[in-house]
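Report on the following structure.
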Amino acid sequence: MDIYKETGKRLKEIRTKSNITQERLAELSGISSNFISQIERGRNKCSLETIHKLAIALNTPVTNLINFKSAPVNSKDKYQKQIELLLKNLNDNDKNLVMEITKDVYGKLKKRK
Numbered sequence: 015m016d017i018y019k020e021t022g023k024r025l026k027e028i029r030t031k032s033n034i035t036q037e038r039l040a041e042l043s044g045i046s047s048n049f050i051s052q053i054e055r056g057r058n059k060c061s062l063e064t065i066h067k068l069a070i071a072l073n074t075p076v077t078n079l080i081n082f083k084s085a086p087v088n089s090k091d092k093y094q095k096q097i098e099l100l101l102k103n104l105n106d107n108d109k110n111l112v113m114e115i116t117k118d119v120y121g122k123l124k125k126r127k
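The opening position of the sequence shown corresponds to residue 15 in the working numbering, with each subsequent residue numbered one higher.
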C-alpha cells in the first residue's frame, strides 16, 4: 500500500464530501491548488505539517486523512485478537487451564528448536 496515494484519496474524498474545491482548499490552507491536486493524485508526497494544515482547513481530525480502511493488520495484533475472542466467554478456571496447556505446548515447541 502506498500511504501517499491513500492519503491523497482520503483528502479528495473528504474535500468533495465537504463541497470544497481545490481552489477554496488552497485559500483556506495556504497550500497551492496545484500541490493539492498532486497530493490527491498521489503524485506528490506531503509532510505531516501539510496534512495538519489541510485537516484544519477541512475542519476534520488529522486521523481522518490518514486512517486507511485497508491498513494491514499486524500479525501480533491478529493473533492477540483471536486469543482474546476465544478466552472472552471462559470463566477464570478455564482460562487458567488454557494458560497451562499453552505453556506446556510452548515449552515443547521451544525444545524442538
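C-beta: ideal position from N, C-alpha, C; glycine also.
Residue from the options whose Cα sits closest to the Cα of residue i
| i | options | result |
| --- | --- | --- |
| arginine 24 | Leu42, Cys60, Ser61 and Leu79 | Leu79 |
| lysine 19 | Pro75, Ala40 and Ile50 | Ile50 |
| isoleucine 65 | Glu27, Asp16, Gly22 and Glu41 | Gly22 |
Length of the line joining the Cα atoms of residue i and residue j
| i | j | result |
| --- | --- | --- |
| glutamate 63 | lysine 31 | 23 Å |
| isoleucine 115 | threonine 77 | 41 Å |
Boundaries (first-last residue) of the alpha helix (DSSP H) holding residue i
| i | result |
| --- | --- |
| leucine 39 | 36-43 |
| leucine 47 | The amino acid at residue 47 is misidentified as leucine; the sequence shows serine. Start and end: 47-54. |
| aspartate 108 | 106-126 |
| arginine 57 | Element bounds for arginine 57: n/a, residue is neither H nor E. |
| threonine 77 | 76-80 |
| lysine 19 | 17-31 |
Cβ neighbour criterion (16 or more within 10 Å) applied to residue i
| i | result |
| --- | --- |
| leucine 72 | buried |
| glycine 121 | exposed |
| leucine 99 | exposed |
| tyrosine 93 | exposed |
| leucine 101 | exposed |
| arginine 126 | exposed |
| arginine 57 | exposed |
Nearest-angstrom Cβ-Cβ length linking residue i and residue j, presumed shorter than 8 Å
| i | j | result |
| --- | --- | --- |
| isoleucine 45 | lysine 67 | 6 Å |
| glutamine 36 | serine 47 | 4 Å |
| leucine 123 | valine 112 | Incorrect: roughly 16 Å between the Cβ atoms, too far for contact. |
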